[in-house]
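Please read the structure below before turning to the comments.
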Amino acid sequence: MANKHIDTELLDRAIIFAVKAHSGTERRGKGFPYIVHPMEAVEIVSTMTSDQELLAAAALHDTVEDTYVTIDQIREEFGDRIASIVEAESDKFVEGRSEKESWHTRKKGAIERLAKVSRDAKMVALGDKLSNMRAIARDYSVKGDELWKIFHVHDKKDHEWHYRGLADSLRELEDTFAFKEFEMLVNQVFGDKKE
805 MANKHIDTEL
815 LDRAIIFAVK
825 AHSGTERRGK
835 GFPYIVHPME
845 AVEIVSTMTS
855 DQELLAAAAL
865 HDTVEDTYVT
875 IDQIREEFGD
885 RIASIVEAES
895 DKFVEGRSEK
905 ESWHTRKKGA
915 IERLAKVSRD
925 AKMVALGDKL
935 SNMRAIARDY
945 SVKGDELWKI
955 FHVHDKKDHE
965 WHYRGLADSL
975 RELEDTFAFK
985 EFEMLVNQVF
995 GDKKE
């Protein structure tokens, strides 16, 4: 039986662009190429939609935050919709403050920003955040509280605040398998939420 042909030209271009942008970089403390994370985000988003622009945005979601790529380059190469989703997904760095010093400000901004974005943008964000949460859950099961030392902020309670805030911001997607997995992993790592 032949596979159904779908037009993946946009996604293919986005993947190639992301591979080049992240080339030679390692996922923090993981020992594998960074591009594995955006590809996992694409896979997660594909469980919620077949919209090629959303899948492309998932592939590109960290290019502006973590590489030399600018939002204008994304807009020029992939259009306004993808650029606006990537921009919504990108941390806003605080001038004159280190990543560690600005961590709470950036994460609070992300939680607030994601609460207001479209369902489409939330799907891309969930692809990213679930990929992150899967890695945290895997590593936490091996390293326990030593895990938090690889991050800019070392207190588990700070990470719990961040991931529970993200869950609240993305709750519009609670009907998806991806959201259910995300919330389950948050509870697995941080304990069941006390009402």
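For reference, each letter of the sequence shown is one residue, going 805 to 999 in this note's numbering. Ideal placement from N, C-alpha and C gives every residue a C-beta, glycine not left out.
- Annotation: the continuous alpha helix (DSSP H) that includes residue 913 extends over 907-920.
- Between residue 811 and residue 842, the C-beta gap is not smaller than 8 angstroms, which leaves the two residues out of contact.
- Straight-line measurement puts the Cα of residue 993 at about 8 angstroms from the Cα of residue 945.
- Between residue 922 and residue 845, the gap from beta carbon to beta carbon reaches 8 angstroms or more.
- Counting of Cβ neighbours within 10 angstroms places residue 954 among the exposed residues, the total staying below 16.
- Residue 952 sits close to residue 963, with the two beta carbons spaced by under 8 angstroms.
- Take residue 863, set aside five residues on each side of it, and the residues of its chain with a beta-carbon closer than 8 angstroms to its own are 815, 818, 819, 821, 822, 842, 843, 845 and 846, in chain order.
- With distances taken between CA atoms, residue 871 lies nearest to 890 out of 854, 857 and 890.
- With respect to residue 852, residue 982 sits close: the two C-beta atoms are nearer than 8 angstroms.
- Note on geometry: alpha-carbon atoms of residue 980 and residue 828 lie some 34 angstroms from one another.
- Taken atom to atom, the span from the alpha-carbon of residue 929 to that of residue 917 is near 11 angstroms.
- For the pair residue 990 and residue 975, the CB atoms are not nearer than the 8 angstroms cut-off.
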